[in-house]
Amino acid sequence: DTAVSQTPKYLVTQMGNDKSIKCEQNLGHDTMYWYKQDSKKFLKIMFSYNNKELIINETVPNRFSPKSPDKAHLNLHINSLELGDSAVYFCASSQVASGGRDEQFFGPGTRLTVL
Amino acid sequence: AQSVTQLGSHVSVSEGALVLLRCNYSSSVPPYLFWYVQYPNQGLQLLLKYTTGATLVKGINGFEAEFKKSETSFHLTKPSAHMSDAAEYFCAVRAALIYNQGGKLIFGQGTELSVKP
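Protein chains in written order, with the working numbering: chain Z, -15 to 99; chain L, 541 to 657.
Next up, the structure:
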C-alpha cells in the first residue's frame, strides 16, 4: 500500500496555463506539506496544513494555492505558470501532534516542466 | 532560526570503503535531526533520526550517525560502501514545534554519493 501518493508523476505544460497536483496519504497523519526541489536539488518548504488548516506559507507567490479538502488530501493548484516554476514538487505527511519527533513521509514527487 | 550545512556537494568512495557525509546544524533550541536518502527519480526515504536519548543512532542499510552537541554536528557514516548506496543524501533539522512552525523540515544542500567499483 502506498503511504503518500501524488498525481501526476510528470506534468509538461505551457507558460500561462493553470495546473493542479494532487496528494493523498493513508497513514492517518494530521499534517501534510508541500516542498519544492529545484534544479540544484535544493528542497524548500512551501506549505503545511494541520487538520485542514494552513499553518505554514513560506513566502510563496499567491499563484500557488494549496487546498486541503480533508486530513488525507492536500492539493496544489498553480495559476499562470512561469518558467521558474519548473521543479519537482514533493508532498509529505507526518504526525505532528505526537511532539514533532515523527518522521515525514514523502511522496514520489511530481516533475513539473513549464515550456 | 535553524539551518543546516552539508560539507561537500559530491563525495566519491570505492566499494567497500568508509562512507562519511558531513552535516552541521544551527539551532537555538534542542534539534531533531534527520538523514534522508533520495535515489534517482524517487522521493525521499528516511535513513535515521535523532530526537532525544542515545546520541549514536542506527538506521537502515547499515548507516549510522552521531549527534555531537558540542560540535553541532550530525555526520552520517557507513563502514563499507555498496554500489547500491549511490544516491543523494540530505540532512535536515526540524524547526521548533510551536504552532506556526508546524514541524517543517529545513534541509541541507544535499550530498551526492558516488560509489566506484
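Every residue, glycine too, gets a C-beta built ideally from N, C-alpha and C.
| Query | Result |
| --- | --- |
| Per DSSP, P50 of chain Z is paired with what? | Z:L60 |
| Can you list, in chain order, the residues of its chain with a C-beta nearer than 7 Å to that of H615 of chain L? Leave out the 5 residues immediately preceding and following it. | L560, L561, R562, C563, A605, E606 |
| What three-state label does DSSP hand V80 of chain Z in the structure shown? | helix |
| Are any of the Cβ atoms in chain Z nearer than 8 Å to that of L586 of chain L? | yes |
| For E628 of chain L, return the contacting residues in chain Z, with the cut-off set at a CB-CB distance below 7 Å. | K25 |
| Between the stretch 35 to 57 of chain Z and chain L, which residues of the former have CB atoms less than 9 Å from a CB of the latter, in chain order? | I39, I40, E42 |
| When the cut-off is 8 Å and only beta carbons count, does Q663 of chain L lie next to chain Z? | In the structure as shown, chain L begins at 541 and stops at 657. Residue 663 of chain L is therefore absent and cannot be evaluated. |
| If I measure Cβ to Cβ from F176 of chain Z and keep anything under 7 Å in the same chain, skipping five residues before and after, which residues do I get? | With chain Z represented from -15 up to 99, any question about residue 176 of chain Z goes unanswered, as that position is not in the structure. |
| So, under 8 Å CB-CB, L645 of chain L and A627 of chain L are touching, yes? Tell me the CB distance rounded to an integer number of Å. | No, L645 of chain L and A627 of chain L are not in contact; Cβ-Cβ is about 18 Å, not under 8 Å. |
| Contact defined as beta carbons within less than 8 Å: I believe W575 of chain L pairs with G602 of chain L. What is the distance between those atoms, to the nearest angstrom? | Actually they are not in contact, since the Cβ atoms of W575 of chain L and G602 of chain L sit about 13 Å apart, beyond 8 Å. |
| Examine chain Z for any beta-carbon lying closer than 8 Å to the beta-carbon of Q582 of chain L, and answer yes or no. | yes |
| Go ahead and pull the three-state DSSP assignment for N41 of chain Z. | strand |
| Pick out whichever of Z:I62, Z:K20, Z:D14, Z:C7 has its Cα sitting closest to the Cα of T(-9) of chain Z. | Z:C7 |
| In three-state terms, what does DSSP make of E628 of chain L? | strand |
| Along chain L, in chain order, which residues have C-beta atoms closer than 8 Å to that of E87 of chain Z? | F574, L586, K589 |
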